[in-house]
Each structure stands twice: as C-alpha cells, then as structure tokens.
Amino acid sequence: MAQIQIRRTKGGTDLVLLPRDKTRFRSFQQLGNPYEKAPMGKFMKPGKVVLVLNGRYAGRKAVVVKNYDEGASDRTYGHALVAGIERYPRIVTRAMSKRKIKERSKLKAFIRVYNYNHLMPTRYSVDVNLDKTSVNKDAFRDPGKKRKARREVKARFEERYKSGKNRWFFQKLRF
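Residue numbers are given in the working numbering: position 22 of the sequence shown equals residue 26, and the series is strictly consecutive.
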C-alpha cells in the first residue's frame, strides 16, 4: 500500500501520496534528457528494397546496391546506387506456349544514383548477387559501361524471376 505524507503549509495541510518505490521519480540528471536525439540506426543497406518516389522511375521498385550515408565529394548528401525494374514482366498463364512465356517474362532494368529523400525504404530485402565490378558509380561516366551494367542487372533480375523467388518484387505496384 502507498504511504501518505502530510505536509503543513500556510494555507492548510496537503496530503501527498508517495509511491511504494521511489524509483518512479527520477531527475533529468539520472535519466538523461528525453528531448536529446539518439543516433539513428543505419537501415539503407545493400539488398534493401526501396520505392522510387520522384522522377522518371517514380513508383518503381528497386534494390540498394551501395549506400553512401555520409555523402561523397561529388554528392555531399546521403545517397544510394540502386538497381530497379523499369518495365515489369507481364502475366503468364499455363495455356501460353514456351515462346510466348519467354517473351512475356522479359523485363527492363535501370541503375541510378538517388538522394535518400527520393527513396522510400521498405521492410523487405532481396539478396540479388550483382557484380560490383560492373555495377558501380564509375559505370555512369562511360555509356558502354552503363549499358553493360544494365545488362548485368537485367540478367540477374530475370534469373531471380524465373527461379520464382521474391515474386512480389516483380509485380507492378498498384496505387
């Protein structure tokens, strides 16, 4: 049972209810300032599925290939190199021929560097093993390297799609 303490003041007496344990009442010095911000955890990691919010590929799903939380010399803000799906594979049914299934299973990929403000991270991750030597920031300097990197991403995504893993990733986002 809680204790009652009687305090006498000029205006009369006040009854103060004290808790059983005094640990419920602590000062800022003991607890730390509740308004002080704690360091944010890093969640934009390679393999994280994100949605592109702005630009040409808005509404498309993508995977973070490499993250730059602190920025770099060319981009001082937090950004990420992402690989995504520009054109999703089309619906396939059992009645279709093998040739038709092959044609409809194709997709178009993109690689791009995005500011974190233009990406919405999801709780999902996809382990797509992309070749880091071809899919990197240097690929954007030379059109030939960029084409090769995009082909690499397309091949990995199609391989993943045909294996039947992460089927939700290859479906168009309806909103």
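For every residue, glycine included, the Cβ atom is placed at its ideal position computed from N, Cα and C.
Query: Under a three-way DSSP split, which group does E90 fall into?; Result: strand
Query: Is V54 near A113, with beta carbons less than 8 angstroms apart?; Result: no
Query: Should V117 and G88 be called a contact, given that it needs their Cβ atoms to be closer than 8 angstroms?; Result: no
Query: Compute the Euclidean distance between the alpha carbons of N71 and A99, then round it to the nearest angstrom.; Result: 43 angstroms
Query: Let's see if you can read the secondary structure: which residues bound the alpha helix (DSSP H) around V157?; Result: 147-167
Query: Looking only at its chain, what residues have a beta carbon closer than 6 angstroms to the beta carbon of A143, apart from the 5 residues adjacent to it on each side?; Result: K149, K150, A153
Query: Tell me whether A76 sits in a helix, a strand or coil according to DSSP, three-state version.; Result: coil
Query: Alpha carbon to alpha carbon, what distance is there between E74 and K169?; Result: 33 angstroms
Query: Could you check the C-alpha separation between A84 and E90 for me, to the nearest Å?; Result: 17 angstroms
Query: Let me know if Y81 comes out buried or exposed under the rule of 16 or more other beta-carbons within 10 Å of its beta-carbon.; Result: exposed
Query: To the nearest whole angstrom, what separates the beta carbons of S77 and P93, a pair I think is in contact under 8 angstroms?; Result: Wrong, their Cβ atoms sit about 38 angstroms apart, outside the cutoff.
Query: If you reduce the DSSP assignment to three classes, tell me which class I95 lands in.; Result: coil
Query: How long is the line joining the alpha carbons of P125 and K52, rounded to whole angstroms?; Result: 7 angstroms
Query: In whole angstroms, what separates the C-alpha of F173 from that of K65?; Result: 7 angstroms
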